[in-house]
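To start, the structure itself, in structure tokens.
Below is the structure:
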């Protein structure tokens, strides 16, 4: 006799969303391992990882109370995915953003990257002035800013502003659903550096 996991459409959707979450975690683990082994280039890795991170956050929002703790979910379904856990739950940005490994071989596009960075920076500052303090609102802009800074070839690798923004970005990735305690302090820090 056939055994059904669900009796209603709502139950079926719940199990579909749980299956999606499981698949995203496994796919992220495989992508991380492929990148570490240099089987995937940085140009392929970054957009794929960004997509998986976005899908993960969306899946968590859809699941709601069904999976209150992702670590417990991974234990329950015997998911041994340490790289995915670190990337999705702790860091929240691709390794190329975290470690500033974006390829910048074309020096003719430096002005374009500077203009792009200024645009993203102004947008971030405007968001802070409008008191957008939720990590979910600020984190994507910080990630865009650090990616854009990484593309500027004339910017020194040890530039303190880039390191500080990367630290904020990684720290914000750990706190989805939380708020920046003092957006004025963050705005002040951004204006100084």
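In UniProt numbering, the protein residues as written are 1 to 193.
Glycine residues also receive a C-beta, built at the ideal position from the N, C-alpha and C atoms.
Note that the structure is predicted; figures quoted are calculated from it, not measured.
Find out if the Cβ-Cβ distance for the pair residue i, residue j is shorter than 8 Å.
i, j, result
"residue 144", "residue 120", "yes"
"residue 5", "residue 24", "no"
"residue 89", "residue 70", "yes"
"residue 149", "residue 162", "yes"
"residue 63", "residue 117", "no"
"residue 194", "residue 35", "For residue 194 there is no data in the structure shown, the boundaries of the chain being 1 and 193."
"residue 59", "residue 20", "yes"
Quick one: is residue i buried, meaning 16 or more other Cβ sit within 10 Å of its Cβ, or exposed?
i, result
"residue 1", "exposed"
"residue 147", "buried"
"residue 43", "exposed"
"residue 166", "buried"
How long is the line joining the alpha carbons of residue i and residue j, rounded to whole angstroms?
i, j, result
"residue 207", "residue 65", "Beyond the ends of the chain as shown, which are 1 and 193, falls residue 207; an answer cannot be given."
"residue 154", "residue 111", "10 Å"
"residue 10", "residue 22", "18 Å"
"residue 72", "residue 54", "21 Å"
"residue 202", "residue 3", "Given that the chain is displayed from residue 1 to residue 193, the structure contains no residue 202 and the question cannot be resolved."
"residue 79", "residue 12", "22 Å"
"residue 113", "residue 156", "14 Å"
"residue 41", "residue 129", "38 Å"
"residue 177", "residue 46", "Since pLDDT at residue 177 reaches only 47, below the 50 mark, its modelled position is unreliable, and the value read off the structure follows with that caveat. Those two C-alpha atoms are separated by around 24 Å."
"residue 131", "residue 125", "10 Å"
"residue 76", "residue 140", "30 Å"
"residue 16", "residue 32", "24 Å"
"residue 68", "residue 98", "27 Å"
"residue 169", "residue 8", "41 Å"
"residue 14", "residue 74", "17 Å"
"residue 93", "residue 138", "13 Å"
"residue 18", "residue 39", "29 Å"
"residue 37", "residue 91", "20 Å"
"residue 57", "residue 160", "30 Å"
"residue 158", "residue 171", "19 Å"
"residue 164", "residue 61", "29 Å"
Inset, instruction - Assess, as a yes-or-no matter, whether the region 69-89 is touched by the region 23-38 under the definition of 3 or more beta carbon pairs within less than 8 Å. - result: yes
Legend entry - Whole alpha helix (DSSP H) elements within the region 69-140, 4-residue minimum: 70-76, 82-85, 95-98, 110-129
Inset, instruction - Note down, one range per segment and in chain order, each alpha helix (DSSP H) of at least 4 residues found wholly within the region 32-69. - result: 42-63
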